[in-house]
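Student: In our numbering, the protein residues as written are 5 to 432.
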Amino acid sequence: MTQKLWGGRFEGEPSPLLRRLNDSFAFDRELFDDDVEGSTAWARALADVGVLNEDELDAILGALVRIEPPTGGDYEDVHSYVEAKLYELIGAGAGKLHTGRSRNDQVATDLKLWLRRACGEALDAASALIATLATRASEEAATPMPGYTHSKQAEPITFGHWCLAYVEMLRRDRGRFTSAVERGDECPLGSGALAGTPLPIDRDALARSLGFARATANSIDAVSDRDFAAEYLFASSLMLTHLSRLAEDLIFFTSDEAAYAELPDAMATGSSRMPQKKNPDVLELTRGYAARSIGELTGFVALLKGLPLAYDKDLQLDKEPLFRTRAVIASLLPALNELIAGLSLDRERMRAAAGGDALIATAVADALAATGMPFREAHDQVSRNLANLPSLAKQHGVTLDGMLAKKNSYGGTAPERVRVAAQEYLKP
Ligand code: ARG
Numbered sequence: 005m006t007q008k009l010w011g012g013r014f015e016g017e018p019s020p021l022l023r024r025l026n027d028s029f030a031f032d033r034e035l036f037d038d039d040v041e042g043s044t045a046w047a048r049a050l051a052d053v054g055v056l057n058e059d060e061l062d063a064i065l066g067a068l069v070r071i072e073p074p075t076g077g078d079y080e081d082v083h084s085y086v087e088a089k090l091y092e093l094i095g096a097g098a099g100k101l102h103t104g105r106s107r108n109d110q111v112a113t114d115l116k117l118w119l120r121r122a123c124g125e126a127l128d129a130a131s132a133l134i135a136t137l138a139t140r141a142s143e144e145a146a147t148p149m150p151g152y153t154h155s156k157q158a159e160p161i162t163f164g165h166w167c168l169a170y171v172e173m174l175r176r177d178r179g180r181f182t183s184a185v186e187r188g189d190e191c192p193l194g195s196g197a198l199a200g201t202p203l204p205i206d207r208d209a210l211a212r213s214l215g216f217a218r219a220t221a222n223s224i225d226a227v228s229d230r231d232f233a234a235e236y237l238f239a240s241s242l243m244l245t246h247l248s249r250l251a252e253d254l255i256f257f258t259s260d261e262a263a264y265a266e267l268p269d270a271m272a273t274g275s276s277r278m279p280q281k282k283n284p285d286v287l288e289l290t291r292g293y294a295a296r297s298i299g300e301l302t303g304f305v306a307l308l309k310g311l312p313l314a315y316d317k318d319l320q321l322d323k324e325p326l327f328r329t330r331a332v333i334a335s336l337l338p339a340l341n342e343l344i345a346g347l348s349l350d351r352e353r354m355r356a357a358a359g360g361d362a363l364i365a366t367a368v369a370d371a372l373a374a375t376g377m378p379f380r381e382a383h384d385q386v387s388r389n390l391a392n393l394p395s396l397a398k399q400h401g402v403t404l405d406g407m408l409a410k411k412n413s414y415g416g417t418a419p420e421r422v423r424v425a426a427q428e429y430l431k432p
């Protein structure tokens, strides 16, 4: 009676087979703090409209803070757990808390509170990575290396400029998390099961008491909407996609063939068989987790696409992809951060590679064009004289540092540009 939230019309107990399938407590207890927070606000709102008197409110609030975070037990879901504990602590008075509320508006609210924290964590993790990349960019603003297109040596760039490319991506990622929070900043509580609550609750005040900007405008949408969660998964999977590209670059930079950089020992693994190996597992796992997070996103959107309004139990499956994604971000980004901070560069080798014949071809064509020759003709001449590139370069005064310094328009790889750009991002 005190443990189940429903059952009056049913004969006997639910089948263990139903329980095993239907119960969500094994995973949704991650929403415990949010459920208590939402319940606390709801209890106050109930007192405001006279459903709870002062003593009843005090009893409920006093008990809510005493409930231990779940460690296990036989409950249908986290909401049943909180209510069962409330009964244990204060008896029948606990039964008033669910007045005018449904688990449908409750769970949507819990999830939004949870997502606000998850987005905050993602923002912090991305910011830490941005700071590390910008620091390295400022240190390596004048460190040349080959730049690639189609995985073929293209033109020289600086390592700092490469770092800042990922800073740009991460800054856009941060923007996506921020706008996901902003768009989702509406409180579903007070929407009831789907039609609204019969109590004269000031929903905007309730929303603000939970830190939301406002209340949701349509109760049917409020209990069925999971856009904010889809946006979190999209922002996460795109961020991990960016980091997967970074990982792929670094796997190449640290390969035996390129050997521009070496992983810090603490962020590499060995082989049980081959004594010489120093493996980039962290980077490979980054690629792997990016793949998985794209799967979380597509699975989640597929979950939503056929759902009739309003709440359907399919929505119970919205949680695990979110929880897994948060856990991945929490472990992966700090590891990447440490790896990038500890990456040691072989600057001589990078410089030698950046000054290779193939990489100066475009600058030689530019130099010919600067004498008045149409660029098309210059391009043609250089491409017919690739064997003579070094002497052509000498003849036209083309040097590696000169080439880099010339790429000084906004957004270019010139060391001076990179230094200034990195400083911008390092400003507090
Ligand atoms: N455990 C459920 C979920 O996660 C809570 C909402 C249940 N609502 C319902 N009408 N059965 O979605």
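The C-beta atom is built at its ideal place from N, Cα and C for all residues, glycine as well.
Would you give the residue range spanned by the alpha helix (DSSP H) that Ala91 belongs to?
Tutor: Reading off the sequence shown, one finds Tyr at residue 91, where the question assumed Ala. It spans 82-94 - the alpha helix (DSSP H) in which Tyr91 sits, taken as one unbroken run.
Student: State yes or no: is the C-beta of Leu80 within less than 8 Å of the C-beta of Phe29?
Tutor: Position check: residue 80 holds Glu in this sequence, whereas Leu was assumed. In this structure, Phe29 lies closer than 8 Å to Glu80 by Cβ.
Student: Would the C-beta of Val305 count as close to ligand 1, meaning under 7 Å from any of its heavy atoms?
Tutor: No, ligand 1 has no heavy atom inside 7 Å of this Cβ.
Student: Could you tell me whether the segment 71-85 touches the segment 19-34, using the rule of 3 or more Cβ pairs below 8 Å?
Tutor: Judged by Cβ distances under 8 Å, the segment 71-85 makes contact with the segment 19-34, as three or more pairs qualify.
Student: Going by other Cβ atoms of all chains shown within 10 Å of its Cβ, with 16 needed for buried, is Phe216 buried or exposed?
Tutor: The residue is buried, with at least 16 neighbouring Cβ atoms inside 10 Å.
Student: Which parts of the segment 175-214 are runs of the alpha helix (DSSP H), unbroken and 4 residues or longer, counting only runs that do not cross its ends?
Tutor: Fully enclosed alpha helix (DSSP H) runs of 4 or longer: 207-213.
Student: Are the Cβ atoms of Ala96 and Leu90 separated by less than 8 Å?
Tutor: Result no, Cβ atoms of Ala96 and Leu90 do not sit closer than 8 Å.
Student: Excluding the 5 residues preceding and the 5 following Arg120 in the sequence, name in chain order all residues of the same chain whose CB lies nearer than 7 Å to its CB.
Tutor: Within the same chain, Arg120 has close Cβ partners Val185.
Student: Can you tell me whether His83 sits near ligand 1, meaning its C-beta is under 7 Å from at least one heavy atom of the ligand?
Tutor: Answer for His83: yes, Cβ within range of ligand 1.
Student: Helix, strand or coil for Lys398, going by three-state DSSP, please let me know.
Tutor: Three-state DSSP puts Lys398 in a helix.
Student: Tell me, to the nearest whole angstrom, how far the beta carbon of Tyr315 is from that of Ala138; I am working on the premise that it is less than 8 Å.
Tutor: With a Cβ gap of about 45 Å, Tyr315 and Ala138 do not count as contacting.
Student: Between the Cα of Thr182 and the Cα atoms of Trp166, Leu133, Glu235, which residue gives the shortest distance?
Tutor: Residue Glu235 is the option with its Cα nearest to Thr182.
Student: Of all the CB atoms in chain D, is at least one closer than 8 Å to the CB of Lys410?
Tutor: You won't find chain D in this structure, because it holds only one protein chain.
Student: Alpha helix (DSSP H) containing Lys323: first to last residue?
Tutor: That run of the alpha helix (DSSP H) goes 323-346.
Student: Cα separation between Pro192 and Ala409?
Tutor: When rounded, the distance between both Cα atoms is 56 Å.
Student: Compare the beta carbon distance of Trp46 and Arg105 with 8 Å and say whether it is the shorter of the two.
Tutor: Closer than 8 Å, so yes.
Student: According to DSSP, is Pro20 helix, strand or coil?
Tutor: Three-state result, Pro20: helix.
Student: Can you grab the Cα-Cα spacing for the pair Val171 / Asp384, in whole Å?
Tutor: If you take the alpha carbons of Val171 and Asp384, they lie about 37 Å apart.
Student: Which same chain residues end up closer than 8 Å to Gly42 when comparing Cβ atoms and leaving out the 5 residues on each side of it in sequence?
Tutor: Gln110, Thr113, Asp114, Leu117, Leu193, Leu214, listed in sequence order.
Student: Quick one: any contact between the segment 150-162 and the segment 351-366, if contact means 3 or more CB pairs under 8 Å?
Tutor: In short, these stretches touch, since the Cβ pair count reaches three.
Student: Whether or not the segment 295-308 and the segment 368-375 are in contact is what I'm after, with contact meaning three or more pairs of Cβ atoms, one per stretch, closer than 8 Å; do they touch?
Tutor: With the cut-off at 8 Å, the segment 368-375 and the segment 295-308 do not touch.
Student: If you measure between the beta carbons of Val402 and Val368, is that distance less than 8 Å?
Tutor: Yes.
Student: In the DSSP assignment, the beta strand (DSSP E) including Tyr152 goes from what residue to what residue?
Tutor: Per DSSP, Tyr152 belongs to the beta strand (DSSP E) from 148-153.
Student: How many angstroms separate the CA atom of Trp10 from the CA atom of Ser84?
Tutor: Each residue's alpha carbon lies about 10 Å from the other.
Student: Count the other CB atoms within 10 Å of the CB of Tyr414; is the residue buried (16 or more) or exposed (fewer)?
Tutor: Classification for Tyr414: exposed.
Student: Compute the Euclidean distance between the alpha carbons of Tyr60 and Asp225, then round it to the nearest angstrom.
Tutor: Residue 60 is actually Glu in this sequence, not Tyr. Rounded to the nearest angstrom, the two C-alpha atoms are 32 Å apart.
Student: Mind checking Ala391: buried by the 16 CB within 10 Å criterion, or exposed?
Tutor: Ala391 is exposed by the Cβ-count criterion.
Student: Apply the 10 Å Cβ neighbour rule to Ser275 and answer buried if 16 or more other Cβ atoms are within range, or exposed otherwise.
Tutor: Burial call: exposed.
Student: Just to confirm, is the Cβ distance from Glu125 to Phe327 under 8 Å?
Tutor: Against a cut-off of 8 Å, the Cβ pair of Phe327 and Glu125 comes out as no contact.
Student: Can you tell me whether Gln157 is helix, strand or coil according to DSSP?
Tutor: Strand, per DSSP.
Student: Ligand 1 and Gln280: does any heavy atom of the ligand fall closer than 7 Å to the residue's C-beta?
Tutor: Not under cutoff, so the answer is no.
Student: Taking just the CA atoms, how far does Phe257 sit from Asp318?
Tutor: Near 45 Å, if we compare the C-alpha coordinates of Phe257 and Asp318.
Student: Give me the DSSP bridge partner(s) of Asn283.
Tutor: According to DSSP, Asn283 bridges with Thr273.
Student: Who are the near neighbours of Arg175 in its chain, counting only those whose CB is closer than 7 Å to its CB and skipping five residues on each side?
Tutor: Cβ within range, chain order: Ile134.
Student: With H, G and I counted as helix, E and B as strand and the rest as coil, what does DSSP make of Ala98?
Tutor: Correct three-state label for Ala98: helix.
Student: Go ahead and label Glu87 buried or exposed: buried means 16 or more other beta carbons lie within 10 angstroms of its beta carbon, across all protein chains shown.
Tutor: Counting Cβ neighbours within 10 Å, Glu87 comes out buried, since at least 16 surround it.
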